[in-house]
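Trainee: What follows is a structure written as C-alpha cells; I'll ask about it next.
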Amino acid sequence: DKTGTLTQNVMELKRIWIQGVAYGKLINNQNGFNGGEELNAARKSGRKEAIDRFLEVLAVAHTAVVSKDDDGVEHFEAESPDE
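FYI, this note's numbering numbers position 19 of the sequence shown as 1, with every residue one higher than the one before it.
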C-alpha cells in the first residue's frame, strides 16, 4: 500500500556507486552503510572531487534528520521520495 499503513516503508543506504566504484559491503543482518572508511581512503587517493559531488547531490536532494534514541544511538530519518 502506498501510504505505509500496512508496511513499514523502510529504506536504508547500504552501498553507493561513484564512477563505477562500489563503496560499502552488503552484509546480512547489518544495518546501514559501512563504507565510510573506504570513502575516506578514496578521497585521499584522488577521487575527492567525484565523491564530494556525489555526496553533495545526495544531501541536497534528500531531507534527512538525525535523531538519537534513548540509548544515545544516532538514527537518520528521511522522507519517502514519492511523498
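C-beta: ideal position from N, C-alpha, C; glycine also.
Note that the structure is a prediction, hence the values are computed from the model and not measured.
Which class does Phe15 belong to by DSSP, given the choice of helix, strand or coil?
Mentor: Here residue 15 corresponds to residue number 33 of the sequence shown, with the count starting at 1. Phe15 falls in the coil class under three-state DSSP.
Trainee: Could you check if Leu40 is buried or exposed, using at least 16 other CB atoms within 10 Å of its CB as the buried criterion?
Mentor: Against the sequence shown, residue 40 aligns to sequence position 58. It is exposed - the Cβ of Leu40 has fewer than 16 other Cβ atoms within 10 Å.
Trainee: For Ile9, which three-state DSSP category applies?
Mentor: Here the question's residue 9 lines up with position 27 in the sequence shown. Three-state result, Ile9: coil.
Trainee: I need the straight-line Cα distance from Ala4 to Thr45, nearest angstrom please.
Mentor: Counting from 1 along the sequence shown, the entry for residue 4 is found at position 22. Counting from 1 along the sequence shown, the entry for residue 45 is found at position 63. Cα-Cα distance, rounded: 23 Å.
Trainee: I need the boundaries of the beta strand (DSSP E) containing Lys50, first residue and last residue.
Mentor: Residue 50 sits at position 68 when you count from the first residue of the sequence shown. Per DSSP, Lys50 belongs to the beta strand (DSSP E) from Ala46 to Lys50.
Trainee: Which residue comes first and which comes last in the alpha helix (DSSP H) that contains Glu38?
Mentor: Here the question's residue 38 lines up with position 56 in the sequence shown. First-last of the alpha helix (DSSP H) with Glu38: Lys30 to Ala43.
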